[in-house]
Amino acid sequence: EDQVTQSPEALRLQEGESSSLNCSYTVSGLRGLFWYRQDPGKGPEFLFTLYSAGEEKEKERLKATLTKKESFLHITAPKPEDSATYLCAVQNSNYQLIWGAGTKLIIKP
Amino acid sequence: EPEVTQTPSHQVTQMGQEVILRCVPISNHLYFYWYRQILGQKVEFLVSFYNNEISEKSEIFDDQFSVERPDGSNFTLKIRSTKLEDSAMYFCASRSDSSYNSPLHFGNGTRLTVT
Numbered sequence: 003e004d005q006v007t008q009s010p011e012a013l014r015l016q017e018g019e020s021s022s023l024n025c026s027y028t029v030s031g032l033r034g035l036f037w038y039r040q041d042p043g044k045g046p047e048f049l050f051t052l053y054s055a056g057e058e059k060e061k062e063r064l065k066a067t068l069t070k071k072e073s074f075l076h077i078t079a080p081k082p083e084d085s086a087t088y089l090c091a092v093q094n095s096n097y098q099l100i101w102g103a104g105t106k107l108i109i110k111p
Numbered sequence: 075e076p077e078v079t080q081t082p083s084h085q086v087t088q089m090g091q092e093v094i095l096r097c098v099p100i101s102n103h104l105y106f107y108w109y110r111q112i113l114g115q116k117v118e119f120l121v122s123f124y125n126n127e128i129s130e131k132s133e134i135f136d137d138q139f140s141v142e143r144p145d146g147s148n149f150t151l152k153i154r155s156t157k158l159e160d161s162a163m164y165f166c167a168s169r170s171d172s173s174y175n176s177p178l179h180f181g182n183g184t185r186l187t188v189t
């Protein structure tokens with residue numbers, strides 16, 4: 003069964019304290035792994051797509067990496083405005099998206 | 075930047091009533107979706123729609139649900155007889171094509187409260 007697990011469920015960091023969020027997956031025929039950011043009361047906002055192991059994407063303080071079993075979202079020197087829930091979704095060979103439960107990131111000033 | 079718009083932002087209804095949630099997808103997109111998210115839980119797929127017909131639906135999308143694209147811009151989700159457990163955020167999404175390099179773009183959702 004296709005499955006996506008995100009950890010930790012919640013992460014509190016001080017401003018400037020770098021860390022990583024994890025998304026581990028088992029899926030039949032990976033057709034892309036997507037990272038989204040979701041602010042309270044809003045829809046998910048697209049960040050990155052990764053297609054194959056070894057691929058990396060960067061946007062401002064965020065960097066996403068992919069292996070055959072997991073993806074990491076690295077956040078470098080975060081600011082309070084980076085506080086949000088970060089969602090990972092994996093697309094299988096049928097182009098179905100399987101979503102993780104998200105990591106709630108809180109950056110304290 | 076083009077965006078998906080949803081109305082209303084909040085809908086309160088009584089159990090057993092019909093509701094219609096409205097969405098305007100990004101204009102050049104071809105694939106349309108409805109998802110829901112119960113407070114504090116995962117995003118759940120409801121239905122996908124392409125070329126004026128449903129292409130896929132989940133177990134959640136039973137006979138009480140229907141979708142329609144009544145004109146060239148709107149995409150609606152109807153719940154015929156709402157239940158308490160239908161209370162959730164409902165998100166509309168669209169994408170330009172079905173290839174794996176095309177991300178979903180989401181609206182900001184409709185919060186449905188069934189009392």
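Chains as they are written, first to last, in this note's numbering: chain A, 3 to 111; chain B, 75 to 189.
For each residue, glycine too, the CB sits at the ideal point set by N, CA and C.
Remember, predicted model here, so these are calculated numbers, not experimental data.
7 angstroms Cβ cut-off: residues of chain B touching residue i
{"i": "residue 99 (chain A)", "result": "119"}
8 angstroms Cβ cut-off: residues of chain A touching residue i
{"i": "residue 175 (chain B)", "result": "34, 51 and 53"}
{"i": "residue 183 (chain B)", "result": "43, 44 and 45"}
Presumed contact (8 angstroms Cβ cut-off) between residue i and residue j, rounded CB distance
{"i": "residue 178 (chain B)", "j": "residue 164 (chain B)", "result": "Their Cβ separation, rounded to whole angstroms, is 14 angstroms, which puts residue 178 (chain B) and residue 164 (chain B) out of contact at 8 angstroms."}
{"i": "residue 66 (chain A)", "j": "residue 8 (chain A)", "result": "The pair is not a contact, with the Cβ atoms about 13 angstroms apart (cut-off 8 angstroms)."}
{"i": "residue 120 (chain B)", "j": "residue 134 (chain B)", "result": "6 angstroms"}
Proximal chain B residues relative to residue i, where beta-carbon distance stays under 9 angstroms
{"i": "residue 42 (chain A)", "result": "In chain order: nothing, as chain B lies at least about 11 angstroms away."}
{"i": "residue 48 (chain A)", "result": "177, 178, 179 and 180"}
Sequence-distant residues of its chain with Cβ nearer than 6 angstroms to residue i (five each side left out)
{"i": "residue 151 (chain B)", "result": "95, 108 and 141"}
{"i": "residue 190 (chain B)", "result": "Outside the shown range of chain B, which is 75 to 189, sits residue 190 (chain B), and nothing can be said about it."}
{"i": "residue 92 (chain A)", "result": "6, 27, 29, 35 and 100"}
{"i": "residue 122 (chain B)", "result": "107, 129 and 130"}
{"i": "residue 110 (chain A)", "result": "16"}
{"i": "residue 70 (chain A)", "result": "55"}
{"i": "residue 147 (chain B)", "result": "98"}
Identity of the residue in the options nearest residue i by Cα
{"i": "residue 13 (chain A)", "options": "A:3, A:4, A:6 and A:24", "result": "A:24"}
{"i": "residue 82 (chain B)", "options": "B:76, B:127 and B:93", "result": "B:93"}
{"i": "residue 167 (chain B)", "options": "B:88, B:110, B:86 and B:116", "result": "B:110"}
{"i": "residue 136 (chain B)", "options": "B:153, B:88 and B:146", "result": "B:153"}
{"i": "residue 51 (chain A)", "options": "A:84, A:89 and A:11", "result": "A:89"}
{"i": "residue 107 (chain A)", "options": "A:98, A:81 and A:94", "result": "A:81"}
{"i": "residue 191 (chain B)", "options": "B:87, B:162 and B:181", "result": "Absent from the structure is residue 191 (chain B), since the part of chain B shown begins at 75 and ends at 189."}
Cutoff 8 angstroms: residue i Cβ touching any chain E Cβ
{"i": "residue 131 (chain B)", "result": "In the structure shown, chain E does not exist; the protein chains are A and B."}
Contacting residues, own chain, Cβ-Cβ under 8 angstroms from residue i (five flanking each side not counted)
{"i": "residue 22 (chain A)", "result": "74, 75, 76 and 77"}
Where residue i meets chain A, residues with beta-carbon distance less than 9 angstroms
{"i": "residue 139 (chain B)", "result": "Correct list: empty, because the minimum Cβ distance to chain A is about 18 angstroms."}
Where residue i meets chain B, residues with beta-carbon distance less than 8 angstroms
{"i": "residue 103 (chain A)", "result": "115 and 116"}
heavy atom of the ligand MN below 7 angstroms from residue i C-beta
{"i": "residue 57 (chain A)", "result": "Of ligands this structure carries none, so the ligand MN is not represented either."}
Own chain residues within Cβ distance below 7 angstroms of residue i, not counting five before or after
{"i": "residue 170 (chain B)", "result": "102, 103, 104 and 176"}
**Message:** To be precise: take each residue of the stretch 140–155 of chain B, compare its Cβ to all Cβ atoms of chain A, and keep it if any distance is under 8 angstroms. Which residues remain?
**Reply:** none
**Prompt:** Which residues, taken in chain order from the stretch 71–93 of chain A, show a beta carbon closer than 9 angstroms to some beta carbon of chain B?
**Reply:** Under the 9 angstroms Cβ criterion, the stretch 71–93 of chain A contributes 89, 91 and 93.
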